[in-house]
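Undergrad: Sequential numbering of the sequence shown, starting at 1, is according to full-length UniProt numbering.
Note that beta-carbon positions come from the ideal geometry of N, C-alpha and C, so glycine has one too.
Quick caveat: nothing in here was measured; it's all calculated off a predicted structure.
My questions will all concern the structure given below.
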Amino acid sequence: IVNTGIINAYPNHKQLPTIDLVKRKVITTNNEDSIDIAKNIRDVAEHKYSNYKNPNNDFNVTTSNHGTSSDVATTSNEINSGKKKGQCTLFIKDVLLDFAYYGAITIGKQEFNVHLDTGSSNLWIPNKNCSAVFCQNHNRFDSSKSQTFTPEGNPWSIQYGTGFASGITGIDNIKIGCFTADKQIFGLVTNVSDFDAAFEYDGILGLGFDNLNTMDNAAPTLISTLIKQNKMEPIFSFHFSHASDFDDKGIFILGGIDKSKCNGEITFNPLISTNGFWTIKQDNTLVNGNPVFSSPNIAIIDTGTTIIIAPPNDTAAIHKQIPGAVFDSQNNMYTIPCNTTTILSLRFGGVDYPIPSRDLIFLPVTGTDCLSAIMPLDVVPNVDVWVVGDTFLKNVYSVFDVKTKQVGFARSK
Numbered sequence: 001i002v003n004t005g006i007i008n009a010y011p012n013h014k015q016l017p018t019i020d021l022v023k024r025k026v027i028t029t030n031n032e033d034s035i036d037i038a039k040n041i042r043d044v045a046e047h048k049y050s051n052y053k054n055p056n057n058d059f060n061v062t063t064s065n066h067g068t069s070s071d072v073a074t075t076s077n078e079i080n081s082g083k084k085k086g087q088c089t090l091f092i093k094d095v096l097l098d099f100a101y102y103g104a105i106t107i108g109k110q111e112f113n114v115h116l117d118t119g120s121s122n123l124w125i126p127n128k129n130c131s132a133v134f135c136q137n138h139n140r141f142d143s144s145k146s147q148t149f150t151p152e153g154n155p156w157s158i159q160y161g162t163g164f165a166s167g168i169t170g171i172d173n174i175k176i177g178c179f180t181a182d183k184q185i186f187g188l189v190t191n192v193s194d195f196d197a198a199f200e201y202d203g204i205l206g207l208g209f210d211n212l213n214t215m216d217n218a219a220p221t222l223i224s225t226l227i228k229q230n231k232m233e234p235i236f237s238f239h240f241s242h243a244s245d246f247d248d249k250g251i252f253i254l255g256g257i258d259k260s261k262c263n264g265e266i267t268f269n270p271l272i273s274t275n276g277f278w279t280i281k282q283d284n285t286l287v288n289g290n291p292v293f294s295s296p297n298i299a300i301i302d303t304g305t306t307i308i309i310a311p312p313n314d315t316a317a318i319h320k321q322i323p324g325a326v327f328d329s330q331n332n333m334y335t336i337p338c339n340t341t342t343i344l345s346l347r348f349g350g351v352d353y354p355i356p357s358r359d360l361i362f363l364p365v366t367g368t369d370c371l372s373a374i375m376p377l378d379v380v381p382n383v384d385v386w387v388v389g390d391t392f393l394k395n396v397y398s399v400f401d402v403k404t405k406q407v408g409f410a411r412s413k
């Protein structure tokens, strides 16, 4: 029954704005579930870098030619001076509580959400004929609805820890933000494990370099195509939101930098490897302001990894300085008090970037103990390599300069 008397009492009332409410998935506090989630993230990283090759010892961790946003690449100078050619902003969302970040793309006039991953270079989405649970729960590409699609049909595959994805390649026009890449090669998944079936994103957008792409023998990535087609400046940047900060909105800027999201100057760090990852020198790690190491480390900057992964000796040295930290030898990870006040900082380019206590905590395992967001793993045997993921990146503004091959950070507002 509608109470028309109430409605008619305000015949000239203005239409009130509507707000879309989204119910977040609940993070479990079950000990076994938390550990399983952490193990899966570690497995993904292990397989992600399993084909890492360093035959010529191409790392150069002694390099020190850091720069700020006022004296780095020409592209950065042009953008910061107000020239907005080839730049647009894409709003991004977080999965669960900062587990991952995704944005929207359009392929053949069909929209998909993709996980934004600087630690890989493949772009893939589910194909219409994919019958896996993951595909059934997500948007699938229907080639019959696209007038610009070309069925290339070359097989490809990629491993993600305990998960995998495989299929064939296709070619279509792909729009991201205000840019459209013409005739872009991408992957159509026909077989995929259910590792991310419950998450919001439909596929993955790799933002690494072309030589990491497992499709068509290092096919150009979406970013590479946009740059080659002169659609965008050769630079992109991120401000990742915190789920706990209700008004904070994540952004992915293609072709530029949003300095309003930066607290201070952006300091750039040159790549120290040609391996295809965004690999830079990490000067040191500090616990409550105290340096932990006597020599620099190697860091892969990976937006597609939730936590920070470091060699076992390094993680042991770090947790030794965190009060209440305990090593779980059975599961090869650390627990720390959920109410820890420890501040961890990573030093890049001579600048310390703090990670607040709330982000040093990953998932609860008991009422008082939580998993540490710093996890031990030898990603590359015999090489001291860190994978620096969202635990760090959601506390900085990060810039990836494709032209001059640099990664820049500023403290995030």
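Determine the DSSP secondary structure at F348, reduced to helix, strand or coil.
TA: In this structure, F348 counts as strand in the three-state DSSP scheme.
Undergrad: Considering Cα atoms alone, identify which of I168, L96, F240 is closest to F409.
TA: Nearest C-alpha to F409: F240.
Undergrad: What three-state label does DSSP hand E200 in the structure shown?
TA: Coil, per DSSP.
Undergrad: With H, G and I counted as helix, E and B as strand and the rest as coil, what does DSSP make of H115?
TA: If DSSP states are grouped into helix, strand and coil, H115 belongs with the strands.
Undergrad: Is the Cβ-Cβ distance between N263 and F348 less than 8 Å?
TA: No.
Undergrad: Taking 6 Å as the limit between beta carbons, can you name the residues of its chain near I125, skipping five residues before and five after?
TA: Same-chain partners within the cutoff: F112, F141, D202, G203.
Undergrad: DSSP three-state label for D36, please.
TA: Three-state DSSP puts D36 in a helix.
Undergrad: Leaving out five residues before and five after V351 in sequence, what residues of the same chain have Cβ atoms less than 6 Å from its Cβ?
TA: Correct list, in chain order: T267.
Undergrad: Rounded to the nearest angstrom, how far is the Cβ of L222 from that of L116, given a contact under 8 Å?
TA: Incorrect: roughly 11 Å between the Cβ atoms, too far for contact.
Undergrad: Which two residues bound the contiguous alpha helix (DSSP H) that contains I318?
TA: Looking at the DSSP string, the run of the alpha helix (DSSP H) that includes I318 is 312 to 319.
Undergrad: What does the alpha-carbon distance come out to for the pair residue 451 and T404?
TA: For residue 451 there is no data in the structure shown, the boundaries of the chain being 1 and 413.
Undergrad: Which of the three DSSP states, helix, strand or coil, is assigned to R140?
TA: Three-state DSSP puts R140 in coil, outside helix and strand.
Undergrad: Would you report the Cα separation of Q282 and N129, rounded to the nearest angstrom?
TA: Answer to the nearest angstrom: the Cα atoms are 45 Å apart.
Undergrad: Starting from L96 and walking both ways along the beta strand (DSSP E), at which residues does that stretch end?
TA: That residue, L96, is in no beta strand (DSSP E); it is neither H nor E in DSSP.
Undergrad: May I have the straight-line CA-CA distance separating L393 from N154, to the nearest angstrom?
TA: Going from the Cα of L393 to the Cα of N154 covers about 35 Å.
Undergrad: Could you check whether the segment 365 to 372 touches the segment 222 to 233, counting it as contact only if at least three pairs of C-beta atoms, one from each stretch, sit closer than 8 Å?
TA: Contact between the segment 365 to 372 and the segment 222 to 233 is absent, because fewer than three Cβ pairs lie under 8 Å.
Undergrad: May I ask you to list the residues that DSSP assigns as paired with Y160?
TA: Answer is G163, bridged to Y160.
Undergrad: Excluding the five sequence neighbours on either side, which residues of its own chain have a C-beta within less than 8 Å of the C-beta of A317, listed in chain order?
TA: Within the same chain, A317 has close Cβ partners V292, F293.
Undergrad: Would you call the CB atoms of I280 and V383 closer than 8 Å?
TA: Contact flag unset, no.
Undergrad: Write down the C-beta distance between V402 and L346 rounded to the nearest angstrom, noting that I regard them as a contact closer than 8 Å.
TA: About 23 Å; that fails the 8 Å criterion.
Undergrad: Exposed or buried, which one is S237 when buried takes at least 16 other CB atoms within 10 Å?
TA: Buried, since its Cβ has 16 or more Cβ neighbours within 10 Å.
Undergrad: Is the beta carbon of M232 closer than 8 Å to that of Q87?
TA: For Q87 and M232, yes; Cβs fall inside 8 Å.
Undergrad: Under 8 Å Cβ to Cβ from N139, same chain only, skipping five residues before and after it: list those, please.
TA: So the qualifying residues of the chain are Q110, E111, F112, N113, I125, P126, D202.
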